[in-house]
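These notes are about the structure you will find just below.
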Amino acid sequence: MARPAQIIWRRLDRPGHDTCALWREGELWRLEGVAVWSDLKGPAHMSYSITCGADWFPRSARVQGRVAEQDISLSIRRANGGEWRANGEALPETFGLSDLDLGFTPATNTLPLRRLAGKGHGDSAALWLDDSDWQMKPLHQTYQRCESGRWDYHSHESDYRTTLAVNSDGFVSDYPDLWVAEVH
1 MARPAQIIWR
11 RLDRPGHDTC
21 ALWREGELWR
31 LEGVAVWSDL
41 KGPAHMSYSI
51 TCGADWFPRS
61 ARVQGRVAEQ
71 DISLSIRRAN
81 GGEWRANGEA
91 LPETFGLSDL
101 DLGFTPATNT
111 LPLRRLAGKG
121 HGDSAALWLD
131 DSDWQMKPLH
141 QTYQRCESGR
151 WDYHSHESDY
161 RTTLAVNSDG
171 FVSDYPDLWV
181 AEVH
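Its first residue numbered 1, the sequence shown is counted upward by one per residue in the UniProt record's numbering.
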């Protein structure tokens, strides 16, 4: 196995950190990490593990942790037909979404950034774990390379826009006002 790409991020909007590793296992890619932060509701910690195909589309994920008094434990799977399931329950409102966005970490931006690197632009229809209420929702995003190592990002539902700095491993190294890489 090749040495994993690794990064540590520091949160900018409140105290917190996230550490993440990315490596290849045969035909699959693994993205794993742990985030700890001071949530508005209290102390929070969340581990995540995502398996992707060689095409950088997520196949499955595991998210587990605690936010204040709330335990979070999700096993997420995407079927070949585009159906998502969380803990075995179908999520019909998310049928056809191809990406996964875990709202508490910048790690999941790596997947569409890696997939779109050769094209320089594209849309991402994601199943989004909204960390404001811990519900799974659709999230439509656009990524556009604006210069080497920088991508314009647009979240359509909230009309949020920013420019992301991205390192050579495909990790976001600067997510303005939210995250910055400390070690990579």
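Glycine included, each C-beta is placed from N, C-alpha and C at the ideal position.
Keep in mind the model is a prediction, meaning the values are calculated, not measured.
Exercise for the section: Mind checking which residues open and close the beta strand (DSSP E) that includes T51? Expected result: T51 -> beta strand (DSSP E) spans G42 to C52.
Problem - R59 versus E83: straight-line alpha-carbon distance, rounded - result: 11 angstroms
Problem - Integer Cβ distance of residue 208 from L74, believed to fall under 8 angstroms - result: Absent from the structure is residue 208, since the part of the chain shown begins at 1 and ends at 184.
Handout entry: Rounded straight-line distance, which links the Cα of T105 to that of V166
Key = 15 angstroms
Practice task
Please name the residue in E147, I7, N80 and W179 whose C-alpha comes closest to that of H121.
Solution key: E147
Practice task
Output the residue ranges of the beta strand (DSSP E) runs that lie fully inside the segment 81-166 and measure 3 residues or longer, sorted by chain position.
Solution key: 84-86, 99-102, 121-130, 135-147, 150-155 and 160-166
Problem - Through-space distance from A107 to W9, alpha-carbon basis - result: 9 angstroms
Exercise for the section: Consult DSSP for L31 and reduce its assignment to one of helix, strand or coil. Expected result: strand
Problem - Contacting residues, own chain, Cβ-Cβ under 6 angstroms from V63 (five flanking each side not counted) - result: Y48 and L74
Problem - Cβ of A2 within 8 angstroms of any chain D Cβ - result: The structure shown contains no chain D; it is built from a single protein chain.
Handout entry: Reduced DSSP secondary structure (H/G/I, E/B, other) of A21
Key = strand
Practice task
State the start and end residues of the unbroken beta strand (DSSP E) segment that holds E182.
Solution key: Taken as a continuous stretch (DSSP letters only), the beta strand (DSSP E) holding E182 covers W179 to V183.
Exercise for the section: Tell me where the beta strand (DSSP E) around R3 begins and ends. Expected result: Neither: R3 is in no beta strand (DSSP E) and is coded neither H nor E.
Handout entry: C-alpha gap between W179 and I7, whole angstroms
Key = In this structure, the straight-line span from the alpha carbon of W179 to that of I7 is close to 12 angstroms.
Exercise for the section: Identify the continuous beta strand (DSSP E) that holds R59 and give its terminal residues. Expected result: Residues P58 to V67.
Problem - For S132, the nearest candidate out of R14, W23, K41 and T19 (CA to CA) - result: K41
Practice task
Kindly indicate which residue of D130, W56, R11 and P15 has the alpha-carbon position closest to the one of W23.
Solution key: W56
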